[in-house]
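As numbered in the working numbering, the sequence shown has no gaps in its residue numbers, which increase by one up to the final residue, 811. Positions of the beta carbon are idealized from the N, C-alpha and C atoms, including for glycine. Computed from a predicted structure; not experimentally measured. Reviewing the structure listed below.
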Amino acid sequence: MPTVTPPWSYTLQLPHDPRAPRIARVTLRTVLGAHGLGELAPTAELVAAELLANAHLHTTGPYALRVRAAEEGRLRVGVWDTDPWVPPGFTDAVALDAPPDDSEDGRGLPLVRACASSWGAGAVGGGKLVWAECGG
């Protein structure tokens, strides 16, 4: 008799601390390995790193990494933070202008969108959740 693996999800609450994004990435790698999704780790870590860095840079409160299984072989990586403002271009597929070559920022969202098959954001729990799906 075949069995069905139940969907799983993890939430890691993080303080507003410069070490938090690294802890979240290590945790993500461990979770993926435990669920046999280690091959998704490089892309998932890159997506998580960009979302976590934005939460740390643009908010003053705590934030959280949320990871859940999506369809077979797919993964949703999200970051919740205390600011309800959603960056332009994250809730739709509008074209994003490339930053100037000498700019030190402005590449994160295009990078997330390039790595993900879908993405979105919305108000959740007094803040926002930005997410991206990868794999499959």
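Under the three-state reduction of DSSP, which class applies to residue i: helix, strand or coil?
i, result
"residue 708", "helix"
"residue 802", "strand"
"residue 761", "coil"
"residue 718", "helix"
"residue 746", "coil"
"residue 696", "helix"
"residue 785", "helix"
May I ask you to list the residues that DSSP assigns as paired with residue i?
i, result
"residue 808", "751, 793"
"residue 756", "738, 803"
"residue 687", "740"
With distances taken Cα to Cα, identify the nearest neighbour of residue i among the options.
i, options, result
"residue 731", "758, 801, 785, 750", "758"
"residue 726", "795, 810, 801", "795"
"residue 809", "723, 738, 729, 800", "723"
"residue 740", "746, 747, 701", "701"
"residue 804", "785, 742, 691, 692", "742"
"residue 755", "801, 744, 745, 716", "801"
"residue 692", "793, 729, 785, 799", "729"
For residue i and residue j, I'd like the C-alpha separation in whole angstroms.
i, j, result
"residue 787", "residue 761", "15 Å"
"residue 707", "residue 749", "11 Å"
"residue 685", "residue 733", "23 Å"
"residue 718", "residue 790", "7 Å"
"residue 688", "residue 736", "11 Å"
"residue 744", "residue 792", "14 Å"
"residue 807", "residue 683", "16 Å"
"residue 703", "residue 752", "9 Å"
"residue 705", "residue 738", "19 Å"
"residue 721", "residue 784", "11 Å"
"residue 746", "residue 690", "30 Å"
query: Three or more beta-carbon pairs under 8 Å between the stretch 708-715 and the stretch 685-698, yes or no?
result: no
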